[in-house]
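Shown next, in structure tokens, is the structure this report addresses.
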Amino acid sequence: MYYTIVILPLISATIAGLGGRYIGEKGAGRITTTIILITSILSWIAFYEVGIKGSATYVSVWKWIESGGLNVEYGLQYDSLTVTMLILVTTVSGLVHMYSMEYMNGDPHLPRFMSYLSLFTFNMIILVTADNFIQLFIGWEGVGLCSYLLISFWFTRIEANKSAIQAMLMNRIGDVSLALAMFIIYVTYKSLDYGTVFALVGDSSIDTSFTLFNIQGDVLTWIGILLLGGAIGKSAQLGLHTWLPEAMEGPTPVSALIHAATMVTAGVFLLIRCSPLLEYAPTALTVITIIGTLTAFFAASVGLVQNDIKKVIAYSTCSQLGYMVLACGLSYYSVGLFHLLNHGFFKALLFLSAGSVIHAMQDEQDMRKLGGLIHSTPFTYSMMFIGSLSLMGFPFLTGFYSKDAILEWAFATYTIDGTFAHWLGSLAALFTAFYSLRLLYLTFISNPHGSQGTYTMAHESPWPMTIPLGILAIGSIFAGWFFRDMYIGFGSNFLGNSVFTKDLHYFMAEAEFLSPSFIKWIPVLFSLFGAVLAIVLLHLTPNLLIYWKSTRLGNRLYTFLSNKWHFGFIYNYYIAKPCLEFGHSVSYKILDRGLIEGVGPTGISRAIVSLSKGYSSQIATGFLYNSAFSIVVSTTLFVLFSFFPSLFATSIEFLLILPILAVGLDNRK
């Protein structure tokens with residue numbers, strides 16, 4: 001079974017990719033969906049055996065790398081963390097496959113699309129089942145490749161290609177950071193195997209100082225910060241976040257799979273998996289907390305003013321990932337994992353519901369051109385309403401049990417970074433409630449703003465698209481309550497050795513018995529206030545919001561948020577523009593065309609041609625004495641080189657240097 005879980009998605013991708021022209025569009029959709037759903041069932045069985053029954057399993061596949069001191073086995077590690085990720089990845093992927101059969105119906109490249117989805121799932125499974133860093137890195141790069149292929153699936157669209165390139169470049173920065181972390185881990189611990197590395201962390205006999213970029217520091221601090229760099233790129237944290245909203249150029253099922261289960265969850269998974277390394281690096285934990293908190297606040301604030309229905313949900317993903325990262329920074333890995341699982345259900349529900357809206361409205365995504373769809377698509381409205389409430393953290397829905405737990409536990413740490421995370425995270429929860437209600441109101445409740453022809457053709461999605469919505473809605477309502485005691489229950493040992501937390505960083509008792517009862521309700525009160533504010537400003541007093549936007553302060557704030565805190569301008573003006581200017585002025589004109597071509601093949605060929613012309617004009621004159629002289633000289637040189645080979649080598653060296661000297665003299669002229 002453990003082999004089968006890994007290999008089935010690869011078989012699915014191969015069948016659809018290589019045999020798509022023979023089995024047809026419907027055949028590719030049915031086969032890939034069936035195989036991924038079977039994989040999902042097996043993952044749930046593995047979750048029962050490994051997680052609930054406590055039978056962690058390690059499967060050694062083969063000897064992989066044996067080079068000097070580096071010995072790596074290809075193995076599969078099934079522990080509670082792995083099976084949690086497996087049920088999330090395979091369940092969401094199976095539902096996305098089913099949804100895509102109808103959503104992409106009529107696209108002539110559907111087999112290729114289904115093949116990419118299955119390959120995406122396969123690489124994510126490789127990542128989460130890895131038992132060493134090299135194996136993890138293969139899956140890490142694989143999901144990056146698949147995201148590029150899926151975002152640019154409609155490759156005839158320029159914006160899709162640009163978005164895919166941006167996603168690839170941003171992730172390459174994080175990949176370099178992860179690779180550097182792996183190099184330092186190997187240099188320090190002489191191994192890349194999880195078990196070996198984690199067992200050696202904290203060993204006093206190992207040198208803890210390391211110099212990188214000419215800066216000396218603690219080796220675990222360097223490793224923690226570099227691991228965070230990898231997570232920033234893959235999980236779209238502040239600084240490398242710009243690719244995530246732009247990834248909306250791909251088909252909507254791709255957005256659901258990337259945002260809910262695969263690509264963006266890889267960075268958070270990396271931090272949770274490497275908890276033994278991070279626990280001994282308090283400086284790195286503080287940096288992780290700050291980055292996660294700022295990301296949650298930043299993305300939530302930008303989501304307030306977005307008008308594209310998919311980009312609103314995309315920025316909510318970025319914000320929720322910030323909550324998960326800040327939980328890891330506060331050593332609450334179990335709560336971060338719990339929110340990661342819960343988030344997968346309601347975020348997939350929101351994206352697939354948005355896809356139903358787009359499908360019904362003839363590919364219209366601008367919320368300002370929607371409205372009134374509650375009558376045309378009541379089921380989709382119900383699904384998006386459930387997903388939005390769960391995202392807001394409405395009491396007793398799935399998101400409530402994990403997001404509020406993160407903010408409560410942040411307050412219970414009684415540290416500066418914990419207090420900072422609690423209050424800024426609570427403010428982000430207010431923003432989340434506001435833009436969630438804004439999305440519902442502008443899309444479904446407000447007066448229609450689109451063309452009459454579009455509304456006439458608006459209809460509810462067919463059953464292959466509605467069944468996945470219903471299943472995800474059940475998860476968005478009950479998953480938090482069902483898994484609560486398992487992951488964050490006081491005294492629960494479900495995660496076992498999958499996650500390590502030092503006693504110094506363990507504040508579960510303080511969070512569980514937090515004395516001021518109103519503190520526990522602060523996130524809920526902030527969320528409810530944001531929801532009420534949205535209803536008042538959008539429905540009851542819309543003129544007040546219009547007036548506020550027309551004021552000087554309101555206009556500046558709206559412009560600031562609409563421009564996404566001007567990150568695009570900063571990147572373009574201070575990073576991209578200097579790099580382009582350097583590439584043209586220095587790299588191209590001076591190094592490439594100047595040094596390389598001037599001294600290299602082009603310069604040598606020109607020098608030889610000019611020298612040959614000079615020699616020929618002096619010797620090949622047509623007079624007998626010049627011809628006799630050339631014969632005598634050539635015969636003499638032949639005899640000398642025959643008896644003195646070293647003289648021949650010296651002459652060759654001189655001839656090689658001569659064109660370079662000629663080029664130098666020519667440049668001086």
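Start counting the sequence shown at 1; every next residue gets the next number (the working numbering).
C-beta: ideal position from N, C-alpha, C; glycine also.
Predicted model only: the values in this text are computed from it and were never measured.
| Check | Outcome |
| --- | --- |
| What did DSSP end up calling T380 once you bin it into helix, strand or coil? | helix |
| Give the secondary structure of G24 by DSSP, where H, G and I count as helix, E and B as strand, and everything else as coil. | helix |
| So T121 packs on T90, CB below 8 Å; how close in whole Å? | 7 Å |
| Shortest alpha-carbon distance to R30 belongs to which of A46, A13, R368 and I45? | A13 |
| Using the Cβ count rule (16 or more neighbours within 10 Å means buried), how would you classify Y99? | buried |
| Which full runs of the alpha helix (DSSP H) of 4+ residues lie inside the stretch 296-367, going along the chain? | 309-329 and 333-360 |
| Could you pull out every residue in the same chain whose Cβ sits closer than 7 Å to the Cβ of S402, ignoring the five residues on either side in sequence? | V335, F338, H339, N342 and G480 |
| For the beta strand (DSSP E) containing Q77, list its first residue and its last residue. | L70 to Y78 |
| Would you kindly check if the distance between the Cβ of T398 and the Cβ of F431 is under 7 Å? | no |
| Taking only the alpha-carbon atoms, compute the straight-line gap between E159 and E249 and give it to the nearest angstrom. | 7 Å |
| With a threshold of 8 Å, are at least 3 pairs of Cβ atoms found where one atom belongs to the stretch 432-444 and the other to the stretch 383-394? | yes |
| Does the pairing of the stretch 552-561 with the stretch 285-293 give three or more beta-carbon distances under 8 Å? | no |
| What's the call for P9, buried or exposed, on a 16-neighbour Cβ count within 10 Å? | buried |
| Please go through the same chain and pick out, in chain order, the residues whose beta-carbon is closer than 6 Å to the beta-carbon of A130, but skip the five residues on each side of it. | L136 |
| Among the candidates L349, A531 and F482, whose CA atom is the shortest distance from the CA of D255? | The sequence shown places Ser at residue 255, rather than the Asp named in the question. Out of L349, A531 and F482, L349 has the C-alpha closest to the C-alpha of S255. |
| Below 6 Å CB to CB, which residues in the same chain sit around G51 once its five sequence neighbours on both sides are set aside? | S80 and V83 |
| Taking Cβ positions, are S426 and F526 nearer each other than 7 Å? | yes |
| Put W243 into one of helix, strand or coil per three-state DSSP. | helix |
| Below 7 Å CB to CB, which residues in the same chain sit around S353 once its five sequence neighbours on both sides are set aside? | T380, M383, M384, G387 and L469 |
| Taking the beta carbon of N555 as the centre, do at least 16 other beta carbons fall within 10 Å, making it buried, or is it exposed? | exposed |
| CA-CA distance, T551 and A410? | 37 Å |
| Under 8 Å, with one C-beta from each stretch per pair, do the stretch 318-333 and the stretch 451-463 reach the 3-pair mark? | no |
| For a quick check, are the C-beta atoms of M263 and V143 less than 7 Å apart? | yes |
| Taking Cβ to Cβ, would you say T283 is nearer than 7 Å to T221? | yes |
| Leaving out five residues before and five after N132 in sequence, what residues of the same chain have Cβ atoms less than 8 Å from its Cβ? | V72, E73, G75, L192, D193 and Y194 |
| Using CA coordinates, which residue listed in S319, Y3, I7 and H109 is at the minimum distance from I23? | H109 |
| Given V6, which residues of its chain have a CB within under 8 Å of its CB, disregarding the five upstream and five downstream residues? | L76, F122, I125, I126 and T129 |
| Check whether the Cβ atoms of A299 and F434 sit closer than 7 Å, and answer yes or no. | no |
| G489 lies in the alpha helix (DSSP H); which residues open and close that run? | From DSSP, G489 is part of no alpha helix (DSSP H); its letter is neither H nor E. |
| Just grab the DSSP bridge partners of V59 for me. | L76 |
| At a cut of 8 Å, does the stretch 303-320 reach the stretch 234-254 through at least three beta carbon pairs? | yes |
| Sort out for me which residues DSSP pairs D218 with in a bridge. | S209 |
| Which one of R606, S115, F47 and T211 has the shortest CA to CA distance from M486? | F47 |
| Spell out the partners DSSP gives E66 in its beta bridges. | N71 |
| Below 8 Å on the Cβ atoms is my guess for L670 versus L271; work out the distance and round it to an integer in Å. | As shown, the chain starts at 1 and ends at 669. That puts residue 670 outside it, with no answer to give. |
| When you compare each of S115, T39 and K520 to G20 by their alpha carbons, which one comes out closest? | S115 |
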